[in-house]
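Enquirer: Structure incoming, see below.
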Amino acid sequence: MRLRIALILALSMTAGPAPASGPHDGQWEVAVEVQRGACDQGFVFPIQVEDGAIRYVGEIDITATGKVGRDGRLNVRFTRQAESVSVSGRLTGGSGSGVWTAPSRDCAGRWQARRL
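Laid out in structure tokens, this is it:
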């Protein structure tokens, strides 16, 4: 299944925001821009940060491995079956940005996030 389809299905998630305890804890919406490669263009997906741990909160089986530090720097890998996307960047206040790569599809781009 294509990675874009998996991430688009995530838009139908219904989880409410969790109580925020760390500086970056809470629900975030991440908008992805493809800058290189054959990946589908532009999509949005939800994540939850709890005590710095990043979790995908959509309705399909995607695993997130990684954390956001107290300074906002993050390195995360999102995995679904044999495909993975590596993400790095920074969250500051109610927004964030960075870069991503999907080696199995030879794609890369940028992302922007906003706290919900």
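When you line the sequence shown up against mature numbering (1 follows the signal peptide of the UniProt record, and there is no 0), it's residues -20 to -1, 1 to 96, in that order. Ideal Cβ placement from N, Cα and C applies to all residues, glycine included. Given the structure is predicted, the values throughout are model-derived calculations rather than measurements.
Excluding the five sequence neighbours on either side, which residues of its own chain have a C-beta within less than 7 Å of the C-beta of S(-9), listed in chain order?
Expert: Only weak support is given to the placement of S(-9): the predicted model assigns it a pLDDT of 34, under 50, and the question is left unresolved by the model.
Enquirer: I'd like to check one pair, A82 with E9: are the Cβ atoms closer than 8 Å?
Expert: It is not a contact, given that the beta carbons lie outside the stated cut-off.
Enquirer: Could you compute how far the alpha carbon of A22 sits from the alpha carbon of Q15?
Expert: Residue identity check: residue 22 is Gly in the sequence provided, not Ala. Distance between the alpha carbons of G22 and Q15 is about 10 Å.
Enquirer: Excluding the 5 residues flanking T72 on each side, which residues of the same chain have their C-beta closer than 7 Å to its C-beta?
Expert: G52
Enquirer: Between the Cα of S1 and the Cα atoms of G69, Q28 and C19, which residue gives the shortest distance?
Expert: Q28
Enquirer: Which residue comes first and which comes last in the beta strand (DSSP E) that contains V14?
Expert: Run containing V14: G6 to R16, per the beta strand (DSSP E) assignment.
Enquirer: Shortest alpha-carbon distance to A62 belongs to which of R85, Y36 and F25?
Expert: R85
Enquirer: Take the Cβ of L96 as the centre, count every other Cβ of all protein chains shown within 10 Å, and call the residue buried at 16 or more, exposed below.
Expert: exposed
Enquirer: Express the C-alpha separation of A18 and E30 in angstroms, rounding to a whole number.
Expert: Between the alpha carbons of E30 and A18 lies a distance of about 33 Å.
Enquirer: Start and end of the beta strand (DSSP E) containing C87?
Expert: C87 to R95
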